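Note sheet for the following structure.
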Amino acid sequence: MVFLTVLPFRWRLSGRLPMVVVMVRSNSCSWFVMYSMNVLRSSSQAGSLSASLLAILPPALSYALGRISLVPAHDQNAYKRGVACRSGMETLVRFVAQPRLRAPYMIACPPGIGGVGESVARYLIQMLDAELFAELISPRLPDYVTVRDGICYLPTYSFYAVGDVEPGLIVVTGEAGPRQDDIVGHYELSEEVVKVARRLGVGAIISVGGVAMSGLPEGVFVAYPPRAEGLARRFLEAGAKLMPKTRIVGAAGLIPAMAAEANIDSVCLLSTVSSLVSDRDASLRLLKVLLKGLGLSLRPAS
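Here the sequence shown stands for residues 5 to 306, where the numbers follow this note's numbering.
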C-alpha cells in the first residue's frame, strides 16, 4: 500500500500557493519533490488545484518503486530528517518453485580459485538431474549481462534441488561473485545464501572451492567451526586433511562461518590448485571426497 503526503506551502504576502512539496520516504531516508504551482485560493480555482495535484502523482509515485514507502501524515518530524540518499536495486532471492526436501544438505559452490566451485556444481547438477528453484540477483554482482541466443541474462546465484538422494541436496552456484575488494558484497551474498538455508531447514552446509597456498601439499583440506566436528570427521575419513593455520578469503569461508552463527552445522572443503583459472584435477579430487563423505557414488554425468 502506498501513501502520499502532499504539503501545500502558503506564500504569506500574496496569499497564493506557489508550490507543493511531496515527501517520499524509504526505510532510511526521505526525498522531497518540489512542484511549482501558481494557483489562487479562490473557490473558482478549486478544480485547477485538484487537476494540478493529480498531475504530480505519477512522477511522485515513481519514487515509490521497490521498497520505498511514502511519509504518512502523522510523521511530523519527517521533514527534519529529509536528506538525499541512494535508492535502486537491492539484493533479492526470487523463488520459481518450492522444493520439498527434509533437512537437506546445502552444497555451496561459489565461483572462485581454479573454477573448482563451478566445476563441482556443474557435475552435481548434471549427474543428479537437479532442478532450479530460486535465483539471487544483486547489484553486488558484476555489471554485465550474459547473452544466449540473443537473450540477455543478469548474473545470478542459482539454487538447485535434488530430492531423490539421501540426504536431499541443494546446490548453490554462480556465474561470478562480487569484486575481490567488495567486502560488504561478499558478506551480503553469503548472508543471503544462509538465509535461504534457514528458510528450507537445511541440516548442514558444505562450501567448496580451490586454494592456492605456498607450501600446502596437494590434496583436499577441510576447515570447520567448533560446533561441526562430527560433520568434519566424515570428510576427514573420506580423505580430506585438516586445514593448517591460514585465512580463507571470500564466500567459501564466509558461508560456513555465518552458517555456524545461525546454528547450522557447516564445513569448508578446499582443493589445492595448480591453475588459478581452471583446474580439472583439483575439482575431481574434491568431488570424490565430497561424494564419499555424503555416501554417494561417483558416476558419469548425463
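Just so it is clear, CB atoms sit at the ideal spot from N, CA and C, and this is done for glycine as well. Just so it is clear, the structure is predicted and the values come from calculations on it, not from any experiment.
Burial state of Ser-218 (16 or more Cβ within 10 Å): So Ser-218 ends up on the exposed side.
For Gly-118 and Ala-263, believed in contact at Cβ under 8 Å, the rounded distance: Contact check for Ala-263 and Gly-118: beta-carbon distance about 23 Å, past the 8 Å limit, so the pair fails to qualify.
Leu-128 in three-state terms, based on DSSP: In this structure, Leu-128 counts as helix in the three-state DSSP scheme.
Inter-residue CB distance, Ser-142 and Leu-193 (contact presumed, cutoff 8 Å): So it is a contact: roughly 6 Å between Cβ atoms.
Integer-rounded CB distance, given that Gly-154 should sit under 8 Å from Ala-256: Going by Cβ atoms, the distance from Ala-256 to Gly-154 rounds to 34 Å, so no, they are not a contact pair.
Outcome for Cys-156 when other beta-carbon atoms lying within 10 angstroms are tallied against a minimum of 16: Cys-156 comes out exposed.
Closest residue to Glu-272 among Tyr-148, Ser-278, Arg-238 (Cα-Cα distance): A quick correction: the sequence has Cys, not Glu, at residue 272. Minimum Cα distance to Cys-272 is reached at Arg-238.
Exposure label - Val-277; buried when at least 16 CB within 10 Å: The C-beta of Val-277 has 16 or more other C-beta atoms within 10 Å across all chains shown, which makes the residue buried.
Any alpha helix (DSSP H) of 4 or more consecutive residues that is wholly inside the segment 91-158: As far as the segment 91-158 is concerned, its whole alpha helix (DSSP H) runs of at least 4 residues are 120-131.
Cβ-based neighbour list, Gly-2, same chain, cut-off 6 Å, excluding 5 preceding and 5 following: Residue numbering for the chain in the displayed model covers 5 to 306; residue 2 lies beyond these limits and cannot be assessed.
Run of the beta strand (DSSP E) containing Gly-213, from where it starts to where it stops: That run of the beta strand (DSSP E) goes 208-215.
Sequence-distant residues of the same chain with beta carbon closer than 6 Å to Gly-213, five excluded per side: For Gly-213, where only same-chain residues beyond five positions count, the Cβ hits under 6 Å are Gly-116, Val-120, Gly-121, Ala-256, Leu-274.
6 Å CB neighbourhood of Ala-101 in its chain, flanking five on each side removed: Taken in chain order, the residues that qualify are Phe-137.
Stretch pair the segment 143-150 + the segment 240-254: three plus CB contacts closer than 8 Å: Touching, no, given that fewer than three Cβ pairs across the two stretches are closer than 8 Å.
Rounded Cβ spacing between Ala-112 and Ile-259 (contact assumed at less than 8 Å): Contact between Ala-112 and Ile-259 is confirmed by a C-beta separation of about 5 Å, below the 8 Å threshold.
Residue closest to Leu-173, alpha-carbon to alpha-carbon, out of Leu-128, Tyr-148, Val-215, Asp-186: The shortest C-alpha to C-alpha distance from Leu-173 to any of Leu-128, Tyr-148, Val-215, Asp-186 is the one to Leu-128.
As assigned by DSSP and simplified to three states, the class of Leu-274: In this structure, Leu-274 counts as strand in the three-state DSSP scheme.
Buried versus exposed call for Gly-205 [16 or more other C-beta atoms within 10 Å across all chains shown]: Exposed, because fewer than 16 other Cβ atoms sit within 10 Å of the Cβ of Gly-205.
Span separating the alpha-carbon of His-190 from that of Gly-254: Each residue's Cα considered, the two are about 6 Å apart.
9 Å Cβ cutoff met for Pro-229 and Ser-270: Contact flag set, yes.
Top-ranked residue by Cα proximity to Ala-107, from Val-200, Phe-225, Glu-265, Leu-158: Nearest option by C-alpha distance: Val-200.
Range of the contiguous beta strand (DSSP E) that encloses Tyr-161: Note, Tyr-161: beta strand (DSSP E), 161-166.
Buried versus exposed, by CB contacts within 10 Å (16 or more), Gly-299: Gly-299 is exposed by the Cβ-count criterion.
Ala-165 versus Leu-235: straight-line alpha-carbon distance, rounded: Between Ala-165 and Leu-235, the C-alpha separation is close to 21 Å.
Candidates Ile-210, Leu-295, Glu-222: closest to Ser-279 by CA position: Ranking Ile-210, Leu-295, Glu-222 by CA distance to the CA of Ser-279 puts Glu-222 first.
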